[in-house]
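Chemist: Numbering (this note's numbering), first residue to last: 416 to 1158. Heads up, the beta-carbon is just placed ideally off N, CA and C, and yes, glycines get one too. Computed from a predicted structure; not experimentally measured.
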């Protein structure tokens, strides 16, 4: 592979990227040694060649016979004339940027062979700049691995990761990660990490859990495991995959090995494997043991319910929901049970409980079938369209029916409106904060106009609001790909960068778009990006100017309402309550319903608490998704009414953390420390939130339970290592634990 002939045949695509034609004009320094390659002599400077590496120095300036010769035969070393000329030129200039990729690759192999570390590093860095796409990766990574060019390999891996999951479909890529020598080669290049294999295996599992690719990557993960917990995790993942492949005995073996390595969750895997092999009582007993020996959490009861019957099964599922309301199976089971009893509306109400805070395709599919059962075809069509927005290739009815086929069938039952009608419906649904309804309408509009980038962008906004980040990024990328102008594409690229944490780069995209064309979305993106930081008064004024400029640009009411709402927030932060109220009023005039929340804040700052409460009551009446409105209204009423509002917010959306924190703080004020900690623990069990972990750590510290306080601080710092308040609390609790006599 390192011979010149092989390189020449493989690197034809890269030859076009040569920065400039090489020049081998003699430099001023006189040559004093020649290297003979075939019939040609390449004149070099002995001291320069000797300086390339210790072996060359020993050969040319040491006790070897070559140190006495002025001509050295290199014909038997597989080195071409062109390569030797490049070596001479590099020895004089210490530069490789004038060479073609073919020559730089030959120099890399030469450097690896003759221990020329400085030359190798220069070639490594230069070759990394040639990697731009998968074609480049598949050509260059083999050379990087063979010659241990760490920077080149890293650059190739970066492109591979950027192209996931599609890059895993390439047999050449899989050979890089999964061949028998893959681990050794990646390790020699400094890239055989457990985390890399874990990331790749997770992507493969999401793409196709039962594929051979997934199995091979998990086997590599197991090989890369150096710590006990890493091995346990890899074995557990393998058990899950083999269980999904219906190989129950193999799965059980992996789960048992994981359990022996300390992976407690794998006991549930053993139980499931036994159950699938007809050992239901054995599975039930194992889950009983797990629940009795460890602190019970929701998924344990959910798992045991699979091996239970009758009222005991329902009791386990109810306990699972109580401990972890985010588990979807209990809702689905209870809903189906009610539907089987002809209580279809009750079944819909049951599945609504989870859909209203956690959107998943399988729950939407189930609700759609319930709607079909009561001949509410419009609602069924809405759910199927929303489901396909989340997962376009989703198959219904146990993989026997595509969502698109069912839409075609239901379209005959539901009157179809024009594109203009859809826009009016979207305006109404968006205004009533019915995100699922809005998604369904946009899906219908895209059927009629699939190349509309604006609609894909609106999809992404709704999906982000519903916390469906993966689907949102897919829609945003589609919007970018479908954009009809450069300034529009820059805006979508900016949002992609912002949503992936690249704030400065997003800002640059917005500014570049504004230079091309002043538009609402460009100004809004710039203002939104700048707002995502603690702003001084001058910066806040600049954001206000940007939002005002955005509002002056052409746009529709949906987006202008959002801009007015954001502008009102900036005026409130600046103490300009009259201007803020005007913004919120204007937003409400164009049906931006969330402006009620901002207007309530203005009333509160004016000490008009009843007016603030009334404003949020209007939002609760209008909004389809109103958990946040209940949460906010609790700030403008007495403690008993606040408690009721927060309880309602938790019932509607258990993932909202403020209600738990508020109730815990009230209990702490009443010196009910144990109850306060239990209130936080209920939520932390299924949502380990930074603020709640910090608050529970503070509660633990206040009652002298320093070990628990330190444990919660460490967990919080895993989520955000630089969180100053938690760092202070951690250091304080640690000092108290080390020097208790000084307390």
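#1: Sorted by chain position, which residues of the same chain lie with C-beta nearer than 8 angstroms to residue 643's C-beta, five sequence neighbours on each side aside?
#2: First and last residue of the alpha helix (DSSP H) that includes residue 939?
#3: Starting from the Cα of residue 524, find the closest Cα among 923, 555, 631, 890 and give me that residue.
#4: Could you pull the DSSP bridge partners for residue 456 from this structure?
#5: Measure from the C-beta of residue 1020 to each C-beta in chain C and report whether the shortest distance is under 7 angstroms.
#6: Just checking my contact of residue 765 with residue 749 at CB under 8 angstroms: how many whole Å lie between their CB atoms?
#7: Would you call the CB atoms of residue 909 and residue 940 closer than 7 angstroms?
#8: Rounded to the nearest angstrom, what separates residue 1069 and residue 772 at their Cα positions?
#9: Counting only the same chain and skipping the five closest in sequence on each side, list residues whose C-beta sits under 8 angstroms from that of residue 963.
#10: Do residue 486 and residue 515 have their C-beta atoms within less than 7 angstroms of each other?
#11: Which class does residue 1143 belong to by DSSP, given the choice of helix, strand or coil?
#12: Answer yes if the segment 498-505 comes into contact with the segment 470-481, meaning at least three C-beta pairs across the two stretches below 8 angstroms, and no otherwise.
#13: If we count the other Cβ atoms within 10 Å of its Cβ and call it buried at 16 or more, is residue 689 buried or exposed?
#14: Kindly indicate the opening and closing residues of the beta strand (DSSP E) around residue 487.
#15: For the segment 457-468 and the segment 529-536, state whether three or more C-beta atom pairs, one from each stretch, are separated by less than 8 angstroms.
#16: Out of curiosity, what's the CA-to-CA distance linking residue 944 and residue 711?
#17: For residue 479, count neighbouring C-beta atoms within 10 Å of its own C-beta (all shown protein chains included) and say buried if the count is 16 or more, exposed if not.
#18: Less than 7 angstroms separating the beta-carbons of residue 848 and residue 1008?
#19: Could you work out which residue in 915, 901, 1100, 828 is closest to residue 926 when comparing CA atoms only?
#20: Can you tell me which of the three DSSP states residue 1054 falls into?
#21: Just how far apart, CA to CA, sit residue 417 and residue 493?
#22: Within its chain, find whatever has a CB closer than 7 angstroms to the CB of residue 578; leave out the 5 residues flanking it on each side and keep chain order.
#23: By Cβ distance below 6 angstroms, which residues in the same chain neighbour residue 759 in space, the five residues on each side in sequence not counted?
#24: Classify residue 810 as helix, strand or coil using the three-state DSSP reduction.
#25: If you follow the alpha helix (DSSP H) that residue 1032 is part of, which residue opens it and which one closes it?
#26: Would you call the segment 1113-1121 in contact with the segment 1070-1089, where contact means no fewer than 3 C-beta pairs closer than 8 angstroms?
#27: Give the C-beta separation of residue 1001 and residue 973 to the nearest angstrom, bearing in mind that I take them to be a contact with Cβ-Cβ under 8 angstroms.
#28: Tell me whether the beta-carbon of residue 1027 lies closer than 7 angstroms to the beta-carbon of residue 999.
#29: Give the list of continuous beta strand (DSSP E) stretches no shorter than 3 residues that lie fully inside the segment 841-886.
#30: Within 10 Å of its beta-carbon, does residue 916 have 16 or more other beta-carbons around it, so buried, or fewer, so exposed?
#31: Taking Cβ to Cβ, would you say residue 715 is nearer than 7 angstroms to residue 705?
#32: Quick one: using the 10 Å Cβ neighbour count with 16 as the cut-off for buried, is residue 1153 buried or exposed?
#33: Does the beta-carbon of residue 394 have 16 or more other beta-carbons within 10 angstroms, so that it is buried, or is it exposed?
#34: Assuming residue 735 is part of the alpha helix (DSSP H), what are its boundary residues?
#35: Which same chain residues end up closer than 8 angstroms to residue 625 when comparing Cβ atoms and leaving out the 5 residues on each side of it in sequence?
#36: Using DSSP with H/G/I as helix, E/B as strand and the rest coil, what is residue 442?
Modeler: For this structure:
#1: Counting only Cβ-Cβ distances below 8 angstroms, and skipping sequence neighbours, we find 676, 677.
#2: 935-946 is the extent of the alpha helix (DSSP H) around residue 939.
#3: It is 555 whose Cα lies nearest to the Cα of residue 524.
#4: Answer is 451.
#5: This model lacks chain C altogether; it includes just one protein chain.
#6: About 5 angstroms; that satisfies the 8 angstroms criterion.
#7: It is a contact, given that the beta carbons lie within the stated cut-off.
#8: Spanning the two alpha carbons is a distance of roughly 8 angstroms.
#9: The residues are 982.
#10: Not in contact: residue 486 and residue 515 (Cβ atoms no closer than 7 angstroms).
#11: In the structure shown, residue 1143 sits in a helix (DSSP, three-state: H, G or I).
#12: Segments in contact, no.
#13: When all chains shown are included, residue 689 counts as buried.
#14: 486-488 is the span of the beta strand (DSSP E), which, as asked, contains residue 487.
#15: Between the segment 457-468 and the segment 529-536, the count of C-beta pairs closer than 8 angstroms reaches three or more; the two stretches touch.
#16: Taking the straight line from one Cα to the other gives about 43 angstroms.
#17: Exposed, by the Cβ-count rule.
#18: Taking 7 angstroms as the Cβ cut-off, residue 848 and residue 1008 qualify as a contacting pair.
#19: Here the closest residue by C-alpha is 901.
#20: Three-state DSSP puts residue 1054 in a helix.
#21: Because residue 417 carries a pLDDT of 37, less than 50, the predicted location of this residue cannot be relied on, and the following value inherits that uncertainty. A direct Cα-Cα distance of roughly 9 angstroms separates residue 417 from residue 493.
#22: Close CB contacts of residue 578 within its chain, under the 7 angstroms cut and outside five residues either way in sequence, are with 549 (chain order).
#23: For residue 759, where only same-chain residues beyond five positions count, the Cβ hits under 6 angstroms are 785, 788, 789.
#24: The three-state secondary structure of residue 810, taken from DSSP, is strand.
#25: For residue 1032, the enclosing alpha helix (DSSP H) stretches over residues 1024-1037.
#26: Verdict: yes, contact present.
#27: That belief does not hold up - the Cβ atoms of residue 1001 and residue 973 are roughly 14 angstroms apart, past 8 angstroms.
#28: Taking a C-beta distance under 7 angstroms as the contact criterion, residue 1027 and residue 999 do not qualify as a contact pair.
#29: Fully enclosed beta strand (DSSP E) runs of 3 or longer: not present.
#30: That one is exposed.
#31: Contact: yes.
#32: In the assembly as shown, residue 1153 is an exposed residue. Its beta-carbon has fewer than 16 other beta-carbons within 10 Å.
#33: The first residue shown for the chain is 416 and the last is 1158, placing residue 394 beyond what the model contains.
#34: From DSSP, the alpha helix (DSSP H) with residue 735 extends over 725-738.
#35: The residues are 656, 659, 660.
#36: Low local confidence applies: a pLDDT of 49 at residue 442 is under 50, so the model's placement there is unreliable, and no value is given.
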